[in-house]
Ligand code: SAH
């Protein structure tokens, strides 16, 4: 009996490694670049699509490699146009990604981990616990799926990407950065890093590391309170990475990148909807070049969290504007299909 040798997933190989393969079979190394384009830029699912390679080369590749892609397992469409994909990964685990259309943009909201290890107690993903990190290609493929849907459903190009789906991107740092590299490279999707935003719970060490590596994308931080006691109660991570250490890392980020950070902030009834919290936020923002997105709460259960009254949001807006802090009020999208911020939990 002949033993079946396991084929390698070719998308785990770098361009250099593919070159080495071609050299080993006596092919011209420039073929590697062609293959790489097929694999990433054109998202080929089959070696037979690679028509600029000879038949015999394609056969040799088929013997050595397989091409793995994620699959959109189910797709839901919201009344407001939002599309949610439940995506099946290589080991059949599922993550969700969301396409958010507005008049001026089409944004892909993508996941970086299966579940999440942080216990933010207002977030549905936190209930799943963390199962594993996504590979760079699994992150990249979510973008490709949404890019295709943007063209198919809206006849418009994908314009923006936010790492705001399931998981904490800075706890899957290497793979997230590799995915961004691919998304922005000319051999990949060639998108501008300025159109990409990474959202984090706020891990100071990693924020500084990103600054050191001179990344070119935007940074958003889920703040939700500028008072340690309140923030720690909602987000246990604040016990080890408090507001002061976060501020220090964000100043470092600004100094090195020159780009303002965006604070994401939900105002909850009876939790942070008083003037003291609004003033603390304004003060925090004056320390750090930043802007604030006040986001709507998306209820995840009958828990203690409830969206604050509209008057309280206006109070926040007034206090922030008095201090010349830039503030936007963000309506949530895709609520009817559990596609809004914090609702991604593989319910279906
Ligand atoms: N882990 C990253 C990215 C995922 S969360 C982070 O924390 O930033 C994406 C955004 O949704 C975060 O700002 C998060 O605080 C917010 N969010 C979580 N649950 C929410 C909910 N139920 N309603 C509204 N926003 C929520």
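Numbering (our numbering), first residue to last: 195 to 542. Ideal placement from N, C-alpha and C gives every residue a C-beta, glycine not left out. Because the structure is a prediction, the values reported are computed rather than measured.
Local conformation of residue i per DSSP, three classes
i, result
"residue 260", "strand"
"residue 366", "coil"
"residue 219", "coil"
"residue 432", "helix"
"residue 388", "helix"
"residue 350", "coil"
"residue 195", "Residue placement at residue 195 cannot be trusted, given a pLDDT of 49 that sits under 50; what the coordinates show is reported in the next sentence. Correct three-state label for residue 195: coil."
"residue 537", "coil"
"residue 269", "strand"
"residue 335", "helix"
"residue 212", "helix"
"residue 355", "strand"
"residue 395", "coil"
"residue 238", "coil"
"residue 530", "helix"
"residue 274", "coil"
"residue 598", "With the chain covering 195 to 542 only, the question about residue 598 has no answer from this structure."
Heavy atom of the ligand SAH within 6 Å of residue i beta-carbon
i, result
"residue 412", "no"
"residue 245", "no"
"residue 358", "yes"
"residue 424", "no"
"residue 536", "yes"
"residue 416", "yes"
"residue 367", "no"
"residue 217", "no"
"residue 479", "no"
"residue 510", "no"
"residue 362", "yes"
"residue 316", "yes"
"residue 393", "yes"
"residue 138", "Because the chain spans 195 through 542 in this model, residue 138 falls outside it and cannot be assessed."
"residue 494", "yes"
"residue 458", "yes"
"residue 230", "no"
"residue 491", "yes"
8 Å Cβ shell around residue i - same chain, five flanking residues per side excluded
i, result
"residue 480", "517 and 519"
"residue 260", "201, 202, 203 and 204"
"residue 195", "Low per-residue confidence applies at residue 195: pLDDT is 49, beneath 50, and the placement is therefore not dependable, though the value from the model is reported in the following sentence. Around residue 195: no qualifying Cβ."
Residue i: CB within 6 Å of a non-hydrogen atom of the ligand MG
i, result
"residue 448", "With respect to the ligand MG, the structure offers nothing, as its ligand set consists of the ligand SAH."
Residues of its chain near residue i, where Cβ-Cβ distance is below 7 Å and the 5 sequence neighbours each way are ignored
i, result
"residue 330", "369, 372, 373 and 376"
"residue 252", "241, 242 and 244"
"residue 219", "254"
"residue 333", "304, 306, 369, 370 and 373"
Own chain partners of residue i with C-beta closer than 6 Å, once the 5 adjacent residues on each side are dropped
i, result
"residue 269", "279"
"residue 317", "536"
"residue 246", "228"
"residue 501", "491"
- Which ranges would you report for the beta strand (DSSP E) in the stretch 282–326 if only whole runs of at least 3 residues count? 288–295 and 300–303
- Task: Write down every uninterrupted run of the alpha helix (DSSP H) in the stretch 447–526 whose length is 4 residues or greater and which is fully enclosed by it, in chain order.
- Result: 469–481 and 504–516
- Message: Threshold first: 4 residues or longer. Then list the alpha helix (DSSP H) segments lying entirely within the stretch 402–433, N to C.
- Response: 422–428
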